[in-house]
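What follows is one structure encoded as structure tokens, with my remarks underneath.
Have a look at this one:
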């Protein structure tokens, strides 16, 4: 689907939103973000560590640590922005609330300057999108950029098609690393330094080791929702 780059003769800014637990952030996250930046022609991509997600429960590293690791992973690219709104908000992290807040702030900072907003999700998230809080309202605010293998068609749920969802494919290589795998290996005693740079950025590995994260009995863990 093509989108107009001009409105009333004025260039439209393109803003990407990339949310996740980032527990920890790894190189596949960065590869997806780099692909989104290039393929969608984004002016900026906002990384949004989740605060308290509402659909699943497990123990995560403290939000401040997760955000700090994201900052280390993206600091070399000025188009990447660390957005703390969810970890600073009380209560569950609903994507609709986050998008509404960011669009409100953006309108205040850039009055009269239109923007297209792209929400980066996976095919699995697209499949259950109709279970999300306020999903119909959310569809009116964002274009869904659905990550998948190059050449694979986006599998559009009937409910979203009927609701007029705007969807674009985001081609990427299959992920070869996951946060679950990283946590498992670290909990088994593998040093974080051995995972860099193949799986995590060296700066992130150093942060994990300095703060003792993901060890069998890590200090300062907190119960959050993801």
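Numbering (our numbering), first residue to last: 20 to 245. Glycine is no exception: its CB is placed at the ideal position from the N, C-alpha and C atoms. Predicted, not measured: the structure shown is a model, and the values here were computed from it.
- For the region 82-159, the full-length alpha helix (DSSP H) segments reaching 4 residues or more read 82-93, 114-128, 142-146, 154-158 along the chain.
- Looking only at 234, 190, 222, the smallest Cα-Cα distance to residue 92 is reached by 222.
- Take residue 146, set aside five residues on each side of it, and the residues of its chain with a beta-carbon closer than 8 Å to its own are 174, 176, in chain order.
- Within the same chain, and ignoring the five residues on either side of residue 65 in sequence, the residues whose Cβ sits closer than 6 Å to its Cβ are 36, 100, 102.
- Distance from the CA of residue 98 to the CA of residue 155, rounded to the nearest whole angstrom, comes to 29 Å.
- Ranked by how close their Cα comes to the Cα of residue 182, the residues 158, 44, 89 have 158 in first place.
- The DSSP-derived three-state label of residue 39 is strand.
- Taking residue 85 as reference, the option from 95, 96, 67 with the minimal CA-CA separation is 67.
- Rounded to the nearest whole angstrom, the CA to CA distance from residue 212 to residue 178 is 45 Å.
- With a contact defined as Cβ atoms closer than 8 Å, residue 164 and residue 187 qualify at about 5 Å.
- A distance of 8 Å or more separates the beta carbons of residue 195 and residue 57.
- Distances from the CA of residue 33 to each of 129, 233, 40, 234 were compared; the closest alpha carbon is that of 129.
- Residue pairing by DSSP places residue 63 opposite 34 in a beta bridge.
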